[in-house]
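A.B. asks: If you scroll down you'll find the structure; I have some questions about it.
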Amino acid sequence: MILRTPPLAGSQVQLHQRLPSVLLQLLLLLPLQLLLLPHSVCDAKTVNPGDPLQAMQHHQIQLSPEAALPEPRAYMPDAQHLDFVYHDHEELTRFLRATSARYPNLTALYSIGKSIQGRDLWVMVVSSSPYEHMVGKPDVKYVGNIHGNEPVGREMLLHLIQYFVTSYNSDQYVKWLLDNTRIHILPTMNPDGYAVSKEGTCDGGQGRYNARGFDLNRNFPDYFKQNNKRGQPETDAVKDWISKIQFVLSGSLHGGALVASYPYDNTPNSRLLKGICRSSALCAMFQTYSAAPSLTPDDDVFKHLSLVYARNHAKMSRGVACKSATPAFENGITNGAAWYPLTGGMQDYNYVWYGCMEITLEISCCKFPPAYELKKYWEDNQLSLIKFLAEAHRGVQGFVFDPAGMPIERASIKIKGRDVGFQTTKYGEFWRILLPGYYKVEVFAEGFAPREVEFVIVEQHPTLLNVTLQPSKRIEGIGPMGPAGVAVGGVGGVSGVGGVGPGGLYRPIPAPQHYRPPVPPYAGAASSDSGIFSTISNGLNSLYSNIFG
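Taken in order, the sequence shown gives residues -5 to 543; the numbers are from this note's numbering.
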């Protein structure tokens, strides 16, 4: 870590107190122009977004290996604008608006909706291109305070925003990250719950839920079990948000434990205690608390992402239990279902529905610790919060084109052997976090023949992969033949993916929005049960969540 130095903004404030405003402008403007001059020559905003190939070539120049950069500096907050205290919604709003006004070239503020009680769900974009998606830059996000009585993450995200904007011109790592990434930060998803929470309360459920009494982290559609809970404005806003932006990586900040938890959070009930009991309601009650891992096809990546956060954290990777009666986690990470299963969680929804790799970050043993401890929490989490986001640049990225070089929007992509897929953006872009190794990617799009491409991932930098799809060909002569005489239904090792459509054109079977693992026939069976056992099961789930987060 580089020695602590005051942020640039603080230096400007001290100069302003001693020099006339005109002289101040002259002193500040000239160095700024000199600093920006070489950067403006290859500024991402000068690239024509209508030419994805040009944008990717330009972006390749900007992407320097993350490992070659120095570690982020230790942060010293600008005390005139943000202190280590808890901020209510009005104070939070003022800080975000003031930051956006003060740093218009690095930030953009928008609301994705309102809470039950009418509070805005603010999102701050921090990037060198904050107002629009720049071709070749992945979008990543942090979500804090989904449980209103777990506000440490809320404050950490405010300080992260402050750190980014005050360090952009002085910290090479931060500059690289913001030049190559669009970071969306939602400090509080549950402002109504926070408003009724009490500082110093380490356990319990007061403020956990939204104003209607719903746990927002049990309110998303679930892959394993039908979730019959009525959708809430806060979760509906988040679902709409992530349906419009192709997020690559995400972290959800919680409190009540010290661990990085990764999908799946839920598990197929009948895989546990199979044959021991006959009543599905009774089984559901006990199986919910039978800890067993529920692993995704990308388990290696999720473990890696969790370890990146835990190992860069000051304490998390030690795996020390918060209390004698609470679990300890090896290396500071856990599979969500192995800890305790839950239905309707946000991280599973992000992954299965949209291919976004989200993990849950439990960053404080006490849910709502005293404000004087916040500075220590920032020191513990600062490096983790930054290094985690940089993982969006690991793996494979590229474009899907048609033969004319035009991007194909909403092409469905799947890494072979990993049955959770993702889609291209309107510019034909895609990203996927992968560890070093050999892979095959399967690409499908309506009106095009599917294609399979092999590629290699290395540790030092992301693999750049552009895929060109050939349009479906009219069938001539005997037998349905696709491009290059390949039989329909077998292209590059992909079989059973299409047939003959109207006008004699080969058309792949319309792919779902994203690939998902086959749903077990028993998934959701227990959700239809009601009565005393269902009530007891829900009560135990609520009690466990109130204790551990």
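All C-beta atoms in this analysis are idealised placements derived from N, C-alpha and C, irrespective of residue type, glycine included.
Quick caveat: nothing in here was measured; it's all calculated off a predicted structure.
Grouping DSSP H, G and I as helix and E and B as strand, with all else coil, what is aspartate 133?
C.D. replies: Note: aspartate 133 maps to strand in three-state DSSP.
A.B. asks: Hey, could you find the ends of the beta strand (DSSP E) phenylalanine 424 is sitting in?
C.D. replies: It spans 423 to 426 - the beta strand (DSSP E) in which phenylalanine 424 sits, taken as one unbroken run.
A.B. asks: Assuming proline 456 contacts arginine 388 under a Cβ cut-off of 8 Å, what Cβ separation, rounded to an integer in Å, is found between them?
C.D. replies: Right, their Cβ atoms sit about 6 Å apart.
A.B. asks: Going by beta carbon distance, what residues of the same chain come within less than 7 Å of proline 364, once the five residues before and after it are set aside?
C.D. replies: Result list for proline 364: Glu193, Gly194, in chain order.
A.B. asks: Just tell me which of Tyr97, Val390, Ser255 has its CA closest to the CA of glycine 313.
C.D. replies: The candidate whose alpha carbon is nearest that of glycine 313 is Ser255.
A.B. asks: Determine which residues share a DSSP beta bridge with leucine 103 and list them.
C.D. replies: In DSSP, leucine 103 forms a bridge with Met118.
A.B. asks: Am I right that arginine 176 and valine 137 are in contact with their C-beta atoms under 8 Å? What's the rounded C-beta distance?
C.D. replies: Actually they are not in contact, since the Cβ atoms of arginine 176 and valine 137 sit about 15 Å apart, beyond 8 Å.
A.B. asks: Quickly, what does DSSP pair phenylalanine 442 with across the bridge? List them, please.
C.D. replies: Pro465.
A.B. asks: Pick out whichever of Lys369, Pro465, Tyr421 has its Cα sitting closest to the Cα of proline 132.
C.D. replies: Nearest option by C-alpha distance: Tyr421.
A.B. asks: Could you compute how far the alpha carbon of valine 346 sits from the alpha carbon of glycine 338?
C.D. replies: In a straight line, the C-alpha of valine 346 is about 12 Å away from that of glycine 338.
A.B. asks: Where are the beta strand (DSSP E) runs, 3 residues long or more, that stay fully inside the stretch 134 to 222, in chain order?
C.D. replies: For the stretch 134 to 222, whole beta strand (DSSP E) runs of length 3 or above, ordered along the chain, are 176 to 180.
A.B. asks: Under the assumption that glycine 326 contacts methionine 340 (Cβ atoms under 8 Å), give the Cβ distance between them as a whole number of angstroms.
C.D. replies: Not quite, the Cβ-Cβ distance comes to about 21 Å (not below 8 Å), so this is no contact.
A.B. asks: DSSP three-state label for phenylalanine 78, please.
C.D. replies: In the structure shown, phenylalanine 78 sits in coil (DSSP, three-state: anything other than H, G, I, E or B).
A.B. asks: Out of Ile106, Cys350, Lys408, Met150, state which residue places its alpha-carbon closest to the alpha-carbon of tryptophan 372.
C.D. replies: Closest option to tryptophan 372, Cα to Cα, is Met150.
A.B. asks: Let me make sure I understand the geometry here. Which of Leu172, Leu252, Leu100 has the alpha-carbon closest to that of tyrosine 125?
C.D. replies: Nearest option by C-alpha distance: Leu100.
A.B. asks: Output needed for tryptophan 235: all residues of its chain with C-beta closer than 7 Å, excluding positions within five of it in sequence on either side, in chain order.
C.D. replies: Within the same chain, tryptophan 235 has close Cβ partners Ile106.
A.B. asks: I'd like to confirm the pairing. Which residues does DSSP put opposite valine 447 in its beta bridges?
C.D. replies: Looking at the DSSP assignment, valine 447 forms a beta bridge with Val435.
A.B. asks: Which of the three DSSP states, helix, strand or coil, is assigned to glycine 392?
C.D. replies: Note: glycine 392 maps to strand in three-state DSSP.
A.B. asks: With a Cβ-Cβ cutoff of 7 Å, do threonine 182 and leucine 210 count as a contact?
C.D. replies: No. Outside cutoff.
A.B. asks: State the DSSP-derived secondary structure class of phenylalanine 382, mapped to helix, strand or coil.
C.D. replies: In this structure, phenylalanine 382 counts as helix in the three-state DSSP scheme.
A.B. asks: How would you call lysine 135, buried or exposed, if buried means at least 16 neighbouring beta carbons within 10 angstroms?
C.D. replies: Lysine 135 comes out buried.
A.B. asks: Indicate the three-state DSSP secondary structure (helix, strand or coil) for serine 94 in the structure shown.
C.D. replies: Three-state DSSP puts serine 94 in a helix.
A.B. asks: For the candidate residues Ser318, Asp342, Gly392, Lys370, whose alpha-carbon lies nearest to that of histidine 307?
C.D. replies: Cα-wise, what sits closest to histidine 307 is Lys370.
A.B. asks: Is leucine 253 helix, strand or coil when you go by DSSP?
C.D. replies: The sequence shown places valine at residue 253, not leucine. Three-state result, valine 253: strand.
A.B. asks: Find out if the Cβ-Cβ distance for the pair tyrosine 104, valine 117 is shorter than 7 Å.
C.D. replies: Contact flag set, yes.
A.B. asks: What residues match up with glutamate 84 in a beta bridge as DSSP calls it?
C.D. replies: Answer by DSSP bridge pairing: none, since glutamate 84 is not bridged.
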